[in-house]
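**Student:** Take this structure first; my questions come after.
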Amino acid sequence: MTRIRTLTGLGMKEFLADLIRIKENPLEQLSFAKYQEAPFSTIFEPVLDMEMQVFPSRVELGAYLYSVFLEIPWDELIDTDGVWNWLTIQLFDQVAPCDPTGKRKIGEFSRYVYDPGDTRYYRHLVAASWDIYRKYQGKSDIFLSTPLHVTSRITLEMACRQNLISNENLVDVILALYWQSGSDGNKGPKRGAASKKSPGNIYRFITLMNQLELTYDVFDMSSDEILKLLPVEFNRWKGIRKTPPKKKRRGFSIFRITDD
Amino acid sequence: MKRRINFTGKKKIPSKNVQIQVIRDNGAIKTFNATINLEGMDLPADAGVFVEVHYRLNRKRFDFGTAGAIVQPPDTDISDLGKSENLLFRVKVVDKLGRYGLILAEADKIRSKGEVEGDSSIQSILPSEFDHDLGQQIWRLRYDGQEPILEFNKNIPDIRSLAKSDTMFFFYVYPQVIRELLTYMLLIEFVDPLDPTEEWQKNWLDFARKIYPEDYPDQCKRDIPESKGEILAWIENVVNDFSLSHTGKWERFLKSFNGGQTR
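Those protein sequences? They're chains A and B, same order as listed.
Offset between the first sequence (1-based) and the numbering used here: plus 13.
With the first letter of the second sequence counted as 1, position 58 gets the number 41 in the numbering used here; the numbers rise by one all the way through.
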């Protein structure tokens, strides 16, 4: 077990410098040891321990962090950048893995550097996993079923729109339309759900909801009401099959025409 | 020019018609009060009025009665929603008779103005901007807009987080911000403390008075030197009491000189 720590201001500056260095030279390594002690980190309070492990996906990471931080008020954790940045360092091999040549690809810094005031907080691979799982728990699969270094397009499209991500009924609709629960082993997004070529795909749904939210009180609607509101392009995802056209019946006469 | 087509005739509620005040208890956010003025907007009297509060993934909704009879509900508990400077409020007027709740009028992205009962956070009355190139200055106050803006230097790494939660930064910056702004208001603009003309002036005077309620000054009399001295003394007392009201932060500030945590 590892005692959880939190980065100091000095630790934060050092981490940023390390990220810049690795981004410029992807073969550079991150030195973990210096972040396990002062002056770069201090013990997090209250004292908590966690088991550093390999997480199959962000769902497992979110669930584990949720259990570790269960007793800490949400609004304290959400504003504590030091602990999220320290955790990112501990999980660095998973959030910024090396490719087969040993190079790390460092993406946008908001994925690794947590800033409570940043409107792109949802991009942080560790803090957002915890926060989304905390809010949606069993329903968070659709957002978090990716490796730790990946943010799904669905998450990016939803999480940047506060009006959508905070609406639990909308999330229920998304799950009903685009997620298969996997009783037969096929757990994951339905085929074509994230394809922009598919009619009624999830991007179309998000665009439609954004438009509707401007005009209608969507937040007050139940998930059934939202489903009923959707136009026919979404029927496929609702499980409504196309009705085959009725066959035309030929008319017939009861009179026989004879040659006299 | 970008043109917007308003198909449904949705009206915008002017921001000055909505006043939100967050109420704290021992520093923690508990509830809010909302004053909503819909006069002159020609809205159906039976349209529903709702206030939604959101931060990140969380949203709460409160029923404020109807456009003809706006009533704050008894419970406006937002204690589980986070810090006030991050909370956003949205006021909606909704046609409840229709099938899908057409929004008739709206005010969005409203922040609370000023706080009640003892909190000395200045962030809620002093807008900040973090995208300025200030050379080798850390901050400055800009006065050329509708209200003063605190500008921070974007070239400083992690400046937003520092401004918000670093204790060293707090004590190096905010007491001087208060001193400069009050000096500007009372000794350069000659604002009358008993009759401020702008809302931001009233907010600042209320803020200062909550911190140091004694010896509230009169308007500066330019021809009486003692008048200026009294105002300066009052400002110093405000700054002093502001700094003294953050004992916990001060202790962390002192510890930081030994390499400890500053956040």
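All C-beta atoms, glycine included, are put in the ideal place defined by N, C-alpha and C.
Bear in mind that the values here come from a model prediction, so they are computed numbers and not experimental data.
Around the C-beta of K(-5)/B, are 16 or more other C-beta atoms found within 10 angstroms, so that it is buried, or is it exposed?
**Tutor:** Reading the second sequence from its first residue, position 12 is the one you call residue -5/B. So K(-5)/B ends up on the exposed side.
**Student:** Only counting the same chain, and skipping five residues up and downstream in sequence, which positions put a Cβ closer than 7 Å to that of Q193/A?
**Tutor:** For the purposes of this step, residue 193/A is taken as residue 180 along the first sequence, with counting starting at 1. These residues qualify, in order along the chain: N199, K200, G201, K203.
**Student:** Which residues of the stretch 84 to 97 of chain B have a Cβ closer than 8 Å to any Cβ of chain A? Give them in chain order.
**Tutor:** Taking 8 Å as the Cβ-Cβ cut-off against chain A, the residues of the stretch 84 to 97 of chain B that qualify are G84, L85, I86.
**Student:** Using DSSP with H/G/I as helix, E/B as strand and the rest coil, what is Q244/B?
**Tutor:** Your numbering for residue 244/B matches position 261 in the second sequence. Because Q244/B sits at a pLDDT of 49, beneath the cut-off of 50, its placement in the model cannot be relied upon, and the following sentence gives the value as read from the coordinates. Here Q244/B sits in coil by DSSP.
**Student:** Taking DSSP as the reference, what is the three-state secondary structure of P175/A?
**Tutor:** Taking the first residue of the first sequence as position 1, residue 175/A is located at position 162. For the sequence presented, residue 175/A should be read as Gln rather than Pro. DSSP places Q175/A in helix when its eight states are reduced to three.
**Student:** Distance check for L23/A and Y157/B, CA to CA, integer angstroms please.
**Tutor:** By one-based count along the second sequence, residue 157/B stands at place 174. By one-based count along the first sequence, residue 23/A stands at place 10. Rounded to the nearest angstrom, the two C-alpha atoms are 21 Å apart.
**Student:** In chain B, which residues lie with their C-beta within 7 Å of the C-beta of D237/A?
**Tutor:** Locating residue 237/A in the first sequence gives position 224, where the first residue counts as 1. Chain B residues near D237/A: none, gap ~13 Å exceeds 7 Å.
**Student:** In chain B, which residues lie less than 7 Å from M25/A when you measure between Cβ atoms?
**Tutor:** The residue you call residue 25/A lines up with position 12 of the first sequence. Within chain B, the residues near M25/A are D141.
**Student:** DSSP state of R(-14)/B, grouped into three classes?
**Tutor:** Translated into positions along the second sequence, residue -14/B becomes position 3. Unreliable placement is indicated for R(-14)/B, whose pLDDT of 47 sits below 50; the coordinate value is still reported in the next sentence. Looking at R(-14)/B - three-state DSSP - the assignment turns out to be coil, as it is neither helix nor strand.
**Student:** Taking only three categories from DSSP, how would you classify D46/B?
**Tutor:** Your numbering for residue 46/B matches position 63 in the second sequence. In the structure shown, D46/B sits in a strand (DSSP, three-state: E or B).
**Student:** For S62/B, which residues does DSSP report across the bridge?
**Tutor:** One-based indexing of the second sequence puts residue 62/B at position 79. Beta-bridge pairing links S62/B to no other residue.
**Student:** Take I3/B and list the residues in its own chain whose beta-carbon comes closer than 7 Å to its own, dropping the five residues that flank it on each side.
**Tutor:** Here residue 3/B corresponds to residue number 20 of the second sequence, with the count starting at 1. Within the same chain, I3/B has close Cβ partners F15, A17, F72, I93, S95, K96.
**Student:** Would E170/A and Y216/A qualify as a contact pair, given that the criterion is a beta-carbon distance under 8 Å?
**Tutor:** Locating residue 170/A in the first sequence gives position 157, where the first residue counts as 1. Locating residue 216/A in the first sequence gives position 203, where the first residue counts as 1. Yes, Cβ-Cβ distance for E170/A and Y216/A is below 8 Å.
**Student:** Could you tell me which uninterrupted alpha helix (DSSP H) segments, each at least 4 residues in length, are contained entirely in the stretch 56 to 119 of chain A, listed from first to last along the chain?
**Tutor:** Runs found: 71 to 81, 87 to 90, 94 to 103, 105 to 108.
**Student:** Closest Cβ-Cβ distance between I119/A and chain B: below 8 Å?
**Tutor:** The count along the first sequence starts at 1 and reaches residue 119/A at position 106. With 8 Å as the cut-off, I119/A does not count as an interface residue toward chain B.
**Student:** Going by other Cβ atoms of all chains shown within 10 Å of its Cβ, with 16 needed for buried, is M25/A buried or exposed?
**Tutor:** Here residue 25/A refers to the residue found at position 12 when the first sequence is read from its first residue. M25/A should be labelled buried.
**Student:** Taking only runs that begin and end inside the stretch 125 to 159 of chain A, name each unbroken alpha helix (DSSP H) of 4 or more residues, in chain order.
**Tutor:** Listed in chain order, they are 140 to 149, 154 to 157.
**Student:** Under 8 Å by Cβ, that's how I've got L145/B and S111/B pegged, so tell me the actual separation to the nearest angstrom.
**Tutor:** Start at 1 with the first residue of the second sequence, and residue 145/B comes out as number 162. Start at 1 with the first residue of the second sequence, and residue 111/B comes out as number 128. Their Cβ separation, rounded to whole angstroms, is 12 Å, which puts L145/B and S111/B out of contact at 8 Å.
**Student:** Rounded to whole angstroms, what is the Cα-Cα separation between E226/A and M234/A?
**Tutor:** As a working mapping, residue 226/A is identified with position 213 in the first sequence. As a working mapping, residue 234/A is identified with position 221 in the first sequence. Using only the alpha carbons, I get a separation of about 11 Å.
**Student:** Starting from T150/B, trace the beta strand (DSSP E) both ways and give me its first and last residue.
**Tutor:** For the purposes of this step, residue 150/B is taken as the residue at position 167 of the second sequence. Looking at the DSSP string, T150/B is not in any beta strand (DSSP E); the run it does join, the alpha helix (DSSP H), is 150 to 166.
**Student:** According to the neighbour-count rule (16 or more other Cβ atoms, all chains shown, within 10 Å of its Cβ), is I86/B buried or exposed?
**Tutor:** One-based indexing of the second sequence puts residue 86/B at position 103. It counts as buried.
**Student:** Let me confirm a value: F12/A is counted as buried when at least 16 other C-beta atoms fall within 10 Å, else exposed. Which label applies?
**Tutor:** This structure leaves residue 12/A out entirely; chain A is present only between 14 and 273.
**Student:** How is E246/A classed by DSSP in three states: helix, strand or coil?
**Tutor:** Residue mapping note: residue 246/A aligns to position 233 of the first sequence, counting from 1. In the structure shown, E246/A sits in a helix (DSSP, three-state: H, G or I).
**Student:** With E27/A as the anchor, note down where its alpha helix (DSSP H) starts and where it stops.
**Tutor:** One-based indexing of the first sequence puts residue 27/A at position 14. Looking at the DSSP string, the run of the alpha helix (DSSP H) that includes E27/A is 22 to 37.
**Student:** Against chain B, with Cβ distances strictly below 8 Å, would Q150/A count as a contact?
**Tutor:** Here residue 150/A refers to the residue found at position 137 when the first sequence is read from its first residue. Not one chain B Cβ lies under 8 Å of Q150/A.
**Student:** Does the Cβ-Cβ distance between V139/A and L104/A come in under 8 Å?
**Tutor:** The residue given as residue 139/A occupies position 126 in the first sequence. The residue given as residue 104/A occupies position 91 in the first sequence. In contact: V139/A and L104/A (Cβ atoms closer than 8 Å).
**Student:** Beta-carbon of E35/B versus every beta-carbon of chain A: anything under 8 Å?
**Tutor:** To locate residue 35/B, count along the second sequence from 1; it is residue 52. Yes, its Cβ sits closer than 8 Å to a Cβ of chain A.
**Student:** Do you know how far the Cα of V74/B is from the Cα of V1/B?
**Tutor:** The residue you call residue 1/B lines up with position 18 of the second sequence. The residue you call residue 74/B lines up with position 91 of the second sequence. Looking at the two C-alpha atoms, the distance is approximately 8 Å.
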